[in-house]
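Sequence order for the protein chains is A and B.
Everything in the first sequence is counted per the numbering used here, starting at 1 for the first residue and increasing by one.
Everything in the second sequence is counted per the numbering used here, starting at 1001 for the first residue and increasing by one.
Protein chains: 2
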Amino acid sequence: MAMMAPWAAMAATPDKPNIIFFLVDDYGWSETSLPFGNDIYANNRKFHTPNMERLASMGTMFTNAYACPVSTPTRTSLMTGMNATKMGITNFCSLFKDRPSDAIGGAPGTTNPNESDIFANAEWNHNAFCPVQFQGDTDIYGLNHTLYATPMVELLRDAGYYTIHVGKAHWAPAGTPGANPLNMGFMVQIAGSGNGHPKSYQPEDYFGNIPGEGDFSSVQNMAQYYDSKIHLNEALTLEAMKALETPIKRNEPFYLYMSHYSVHTPIQRDNRFIQQYLDAGLDENAARYASMVESMDKSLGDILDYMEHKGIADNTIVIFYSDNGGHCLAYDKGGEPHTQNLPLREGKGSCYEGGIRVPMMVYWPGKVAPDTRINTPVINEDFFPSILEMAGISEYDVHQHIDGQSFVKLAQRGSQLAAEAKKAGKIKTMADANAFILPASETGIDPERELVFHYPHQYRVEDQDDIDFLSALRRGDWKLVYRMHTGDLELYNLREDIGERNNVAAANPKLTADMAKSLGSKLRSWNASMPTVRATGLPVAMPDEVPVPTQSKKKSKKK
Amino acid sequence: MAMMAPWAAMAATPDKPNIIFFLVDDYGWSETSLPFGNDIYANNRKFHTPNMERLASMGTMFTNAYACPVSTPTRTSLMTGMNATKMGITNFCSLFKDRPSDAIGGAPGTTNPNESDIFANAEWNHNAFCPVQFQGDTDIYGLNHTLYATPMVELLRDAGYYTIHVGKAHWAPAGTPGANPLNMGFMVQIAGSGNGHPKSYQPEDYFGNIPGEGDFSSVQNMAQYYDSKIHLNEALTLEAMKALETPIKRNEPFYLYMSHYSVHTPIQRDNRFIQQYLDAGLDENAARYASMVESMDKSLGDILDYMEHKGIADNTIVIFYSDNGGHCLAYDKGGEPHTQNLPLREGKGSCYEGGIRVPMMVYWPGKVAPDTRINTPVINEDFFPSILEMAGISEYDVHQHIDGQSFVKLAQRGSQLAAEAKKAGKIKTMADANAFILPASETGIDPERELVFHYPHQYRVEDQDDIDFLSALRRGDWKLVYRMHTGDLELYNLREDIGERNNVAAANPKLTADMAKSLGSKLRSWNASMPTVRATGLPVAMPDEVPVPTQSKKKSKKK
């Protein structure tokens, strides 16, 4: 055996399962026919996602899964296992280096200032994430405002995984090594770059590559499908399945990062699915968006079919996740702005639940009990240690300190406990399942673990009080929201009030103060980026430096 | 052993050596400081290619290596092992499907008619090459004028090679599967598409991706290097070396298709190398082109260094080749048009030697004798069976009939014979080496084997009698040229007249007639595309249907 190449031990085995990370962009927690809440909401009736329902019946749903309010912080955290605020990557990166998206934005030659009149944006790592192997190449790239770390996929590749990137990357802007998925440990790379959304999903638009009209959002590597009638979602799925042929033939374990551009803007129809929504009475905008959602869901179904067809479903993990909440300012999504993620409050960019709570599922045959729900909160930085544990990689040497906790035990033991409780008749409804507390002693993750969200930026040019300049802390059922614009602290009980309508801070001043202190300590310890008040030139106060509301001086409640 | 994964046998071994195919674009046979001829010509003094000299000292030079007159026929033939004329791919493909480059040209929305006033271009497979796996997908791609075949790299990949594409692809236009290197059997693909040249080599131009200025020639996947001061040639080399890390770490054999865009137009300086040429008195244009050539040579040197540094030089084959002769109509190359490949006549697009004779070398440690020359002619379709033989792949099932012959025995035994002759004092000069005939009984390839060249197109809008609408046949020392415009047959003795200045057809009417008959038979048997005479609507006569010149009615000799 001493002479054997390492490959002999590298075929996909129960110890080295295949892993498909199915990541959707800007996809809201309620925008699916698979209800993650206690009730079936209007959105759950509007959208049609049969393959998400199918995956849920095969695996477990995480009903309290979180991401950052915008894309790049989540995506870089997935790659580094670090807390996004600690990384200093708190906003989406722009298309080109040295152009902070909140101050300049866009590609060279364009201006799109997102700065607030009231606050100057904080300094942050606007050049986002760069693999640490390039740290010395300052003469080549001249990078500053950059986080250097070891990308997770490098560890998977070096452990023998066949690593495939498909779709959106958005770890860093053009002009930096982080813009190149091949620098992240991917062997195969399809259509990924520094762009945060596609210029077009449509083959007749050449996915944004019409000569003289292209820009840094034009989708690369897809020339095969120009004018083919194949929508980008389907084209990416076809490319992913073709790429999987090699590791399957070679009997190597694979990691497929299936990172759809959908359902990010531009909101464009998928002709395969739109008619039923028009027939159901949705307006053109809403129907277009619903067809995008179903198009994404079809991709999931095609991949599940492929797994079965290839006989690998028994040894393949599928993780479903979204990089942030659904857009709530996209007028062309249909519906009224700020309401598009109901029952959740607000959407992308916001630290209210609409911006950060996302759909998540884990399918893991033989390990995770099917048709179950887990309500212990998990967050983006947990994926790094989780995926490495799934891949049987227990020891690794990385540049960064990992902040996340593995949810492997939670997914396995938690789903088993939920299945047992269901069998024993203790869980009968979605509400029962969502209320079923899993003890840390069994799952390894404390359901009261504090999760921090921090967005010291203005998301859009127009001030949006419920979206811009917010921080938040979740602890068990409680959620503290800090509104930097006004210096207000708000407290919500998410178990009773998932829509964050009833601010109970004044009624719970001690808890509010305690959580504000905890949030402030964490932000300080991470050297969190904070905006500056233009009028004074001073940084915005920390959440534990503002007054805690009391009953007597309670402000008028936000509607 | 029965339980072992196939990988155990797949590490690079003497039976499965690594293979680097280093392909240069539009690179002329004389545009190097490494002389392939009998003498040192002016071009050999003008250019500086120390790493080609280095490779020649490590391996063997093929002084009579041929390619097609333009890019796509050579490149598709490399991939299929078929004769380009038989494939019906006789011209470069345009940027978009259904737009023959000789009739419409360019991307949608542009017009660039290359049609001749005298001849209408032949029907040909202007949608070029499509991997046979897509033959049934007519509803998706709606392809016609397409050659379906099994791509060579698929066989390498399926035999366990780690296959890497870097740089120019140009097997087929956008809108077809052949535009995607991943469909050719490549696992890693960097910067390849349907484009035939880069919009720019310069990082400050974003390699042609400046927003609003990009088109189908913009180079993809290189965003990392925008504004980095890294020239495209160096960027591609860096990407290739990064990609090689994985198979080297995994102990897998690799196939690297290192396909430089250089030295195709646009003629742009590489700042690392230009000054010495300006100092030497070259004008700006000539210096720019010389810097591109040296930039390409530097890439070769970097890869040779890398091989040594990684300890893989002992088990890695390097093949050096160009896809057609040097450009002779590029005014910005410096020098006078039509003279840029001297001593060879004409250049790219032409069936005179300047268009088809290309530099070629093979390094194969322990198998090919170093510092030797082989003068047996070889041609593009020979690479398919040769590379598969190098990779130890002896049996394969492909869609097409392979026309080429493996030159493995020729390279091995031929170089050994040459080395012995040198040692024995029989070869003292370059001319001796170039005249040293290798018998087919020893090498497997008949030095008198007939090679056909066929270009039934107009290369440029302006009629260029010495470039457009030519066919040619090489047989041993003899070369027949058929000029369709005038119906003239010309005969040259290449041993005495490498520049094709002395037409000896009239002095050798029997040989001329015999070679014309052979050329005509071959073109007929391949159903060769032929232009149509506009005045008559009839196809151009075959070479054996026109009068053979005789002494009595000899025409005035072409100067």
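C-beta atoms are modelled at their ideal positions from N, C-alpha and C, and glycine is treated no differently.
From a predicted model like this one, the values you see are computed outputs, not experimental measurements.
Pick from the options: whose alpha carbon is nearest that of residue i?
i	options	result
A/A172	A/Y148, A/Y162, A/T138, A/V24	A/Y148
A/H457	A/T550, A/P370, A/A369, A/K348	A/K348
A/G476	A/E545, A/G392, A/E496	A/E496
B/D1117	B/S1262, B/D1465, B/N1508	B/D1465
A/M292	A/L304, A/G281, A/D305, A/Y277	A/Y277
B/V1452	B/A1419, B/P1543, B/V1504	B/P1543
B/E1420	B/F1436, B/S1350, B/E1213	B/F1436
A/A223	B/I1356, B/S1218, B/M1222	B/S1218
A/L608	A/I248, A/L95, A/T376, A/E381	Summary: the structure shown does not reach residue 608 of chain A, with chain A confined to residues 1 through 559, and so no result is reported for it.
A/N221	A/D158, A/D15, A/F207, A/G212	A/F207
A/M159	A/A169, A/G175, A/G185	Contrary to the premise, residue 159 of chain A reads as Ala rather than Met in this sequence. Selected option, being the one with the closest Cα: A/G185.
For residue i, which residues in the same chain have their Cβ closer than 6 Å to its Cβ, ignoring the five residues on either side in sequence?
i	result
A/N183	P131, P177
A/P539	M530, T532
B/Q1135	Y1148
B/H1048	S1033, E1294
B/P1181	H1165, A1169, Q1189, G1192
Within this structure, are the beta carbons of residue i and residue j separated by less than 9 Å?
i	j	result
A/S228	B/Y1141	yes
B/E1450	B/R1483	no
A/G81	A/P385	yes
A/M87	A/P69	no
B/P1343	B/I1498	yes
B/R1345	B/T1063	no
B/M1258	B/S1299	yes
B/Q1202	B/L1236	no
A/A472	A/I356	yes
A/M187	B/V1153	no
A/D102	A/N91	yes
B/C1328	B/Y1455	no
B/D1085	B/L1470	The identity of residue 1085 of chain B in the sequence shown is Thr, whereas the question assumes Asp. Not closer than 9 Å, so no.
A/A240	A/I319	no
B/T1150	B/N1127	no
My assumption, with CB atoms under 8 Å, is that residue i sits in contact with residue j. Please give the rounded CB distance.
i	j	result
B/P1370	B/S1057	6 Å
B/Y1027	B/G1326	6 Å
B/N1341	B/W1124	The pair is not a contact, with the Cβ atoms about 25 Å apart (cut-off 8 Å).
A/D323	A/S71	5 Å
A/L23	A/H260	7 Å
A/T163	A/Y306	Contact doesn't hold; Cβ gap of about 18 Å is too wide.
State the DSSP-derived secondary structure class of residue i, mapped to helix, strand or coil.
i	result
A/I164	strand
B/K1479	strand
A/S591	Because residue 591 of chain A is not part of the residues shown, which for chain A are 1 to 559, the question remains open.
A/P177	helix
B/L1304	helix
B/M1360	strand
A/D205	helix
A/R449	coil
B/I1312	coil
A/F134	helix
B/H1399	coil
A/L470	strand
Can you list, in chain order, the residues of its chain with a C-beta nearer than 8 Å to that of residue i? Leave out the 5 residues immediately preceding and following it.
i	result
B/G1520	M1542, P1543, D1544, E1545
B/T1550	A1506, P1509
A/P17	P253, N315, T316, I317, W364, M390, A391
B/D1015	G1392
B/W1478	L1491, Y1492, N1493, L1494, L1511, M1515
Within its chain, find whatever has a CB closer than 7 Å to the CB of residue i; leave out the 5 residues flanking it on each side and keep chain order.
i	result
A/V368	G59, T60, V362, A411, Q412, S415
A/G334	L282, D283, N285, A286, Y289
A/K409	T443, G444
A/D446	A440
A/L489	L480, Y482, A505, T512, A516, P543, V546, V548, P549
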